[in-house]
Amino acid sequence: ADLIESHDEL
Amino acid sequence: MNIFRLVGDLSHLLAILLLLWKIWKTRSCAGVSGKSQIMFGLVYITRYLDLFTNFISIYNTTMKAIFIAVAIATIYLIYFKFKATYDSNHDTFRMEFLIVPVGGLAFLVNHDFTALEILWTFSIYLESVAILPQLFMISKTGEAETITSHYLFALGSYRALYIVNWVYRYYFEGFFDLIAIVAGCVQTILYCDFFYLYVTKVMHGKKLSLPA
Numbered sequence: 001a002d003l004i005e006s007h008d009e010l
Numbered sequence: 011m012n013i014f015r016l017v018g019d020l021s022h023l024l025a026i027l028l029l030l031w032k033i034w035k036t037r038s039c040a041g042v043s044g045k046s047q048i049m050f051g052l053v054y055i056t057r058y059l060d061l062f063t064n065f066i067s068i069y070n071t072t073m074k075a076i077f078i079a080v081a082i083a084t085i086y087l088i089y090f091k092f093k094a095t096y097d098s099n100h101d102t103f104r105m106e107f108l109i110v111p112v113g114g115l116a117f118l119v120n121h122d123f124t125a126l127e128i129l130w131t132f133s134i135y136l137e138s139v140a141i142l143p144q145l146f147m148i149s150k151t152g153e154a155e156t157i158t159s160h161y162l163f164a165l166g167s168y169r170a171l172y173i174v175n176w177v178y179r180y181y182f183e184g185f186f187d188l189i190a191i192v193a194g195c196v197q198t199i200l201y202c203d204f205f206y207l208y209v210t211k212v213m214h215g216k217k218l219s220l221p222a
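Chains as they are written, first to last, in our numbering: chain A, 1 to 10; chain B, 11 to 222.
See below:
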């Protein structure tokens, strides 16, 4: 969930 | 960062710079849908609000800033500097038909019911359909200039490469963002017909024109 919340893609 | 995502991002960057360069060089935005460009501008602005709240990397911040700046510059050229060349008679797609349903969907289907997250989701959904006015315009006029075709090809390639990137990330990082994946697949499908025409015509040195 952390990965999704950070939205690291452009 | 994997190779598919990097090449996808570079392809995205190439696409928007190519369009800006073409308009600037030819002093004309004929054949370019201002409505698609307004929606892409809206996509970048609503998605990259996290520039102010969340630092990921220099690369990430720089690319986001470039995308927003290039989108605004493109809109400025179309609606102000080279307005006389803007083909508004053929750019008749109604933006509200996309923005309203996409906004509603972002409220209903999102990861988290917060303002930033809903705007992020809105931008993901909107990006998936933002190219429709441009494709609609080409289908109306029956043709596209070669540089416009290259722009669309680079933009479509970016989406296709992102799908490969998600497959890679799922297997190697366990990363999985259903909203981005579904919207990304929808977006890529919209380009399929165009990809076919690009490969069969533009790559053989012909202008992209649709059968009558």
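Ideal placement from N, C-alpha and C gives every residue a C-beta, glycine not left out.
Query	Result
For Ala-154/B: DSSP bridge partner residues	Leu-218/B
Whole-Å CB distance - Tyr-149/B paired with Val-196/B, under 8 Å assumed	It is Ser, not Tyr, that sits at residue 149/B in the sequence shown. Going by Cβ atoms, the distance from Ser-149/B to Val-196/B rounds to 18 Å, so no, they are not a contact pair.
Beta-carbon gap between Leu-52/B and Gly-152/B smaller than 8 Å	no
Contact the region 66–83 of chain B vs the region 177–187 of chain B: 3+ CB pairs below 8 Å	no
With 16 other Cβ atoms within 10 Å as the buried cut-off, status of Asp-187/B	buried
Buried/exposed call for Ala-1/A, threshold 16 Cβ in 10 Å	At Ala-1/A, the pLDDT of 42 sits below 50, so the modelled position is not reliable and the matter cannot be decided from this model.
Reduced DSSP secondary structure (H/G/I, E/B, other) of Ser-38/B	coil
is_contact[Asn-64/B, chain A] using C-beta, thresh 8 Å	yes
CB-CB length for Phe-107/B against Cys-39/B, believed under 8 Å	About 23 Å separates the two Cβ atoms, so there is no contact after all.
Chain-ordered neighbours of Asp-203/B on chain A, where CB pairs are closer than 8 Å	Chain A residues near Asp-203/B: none, gap ~25 Å exceeds 8 Å.
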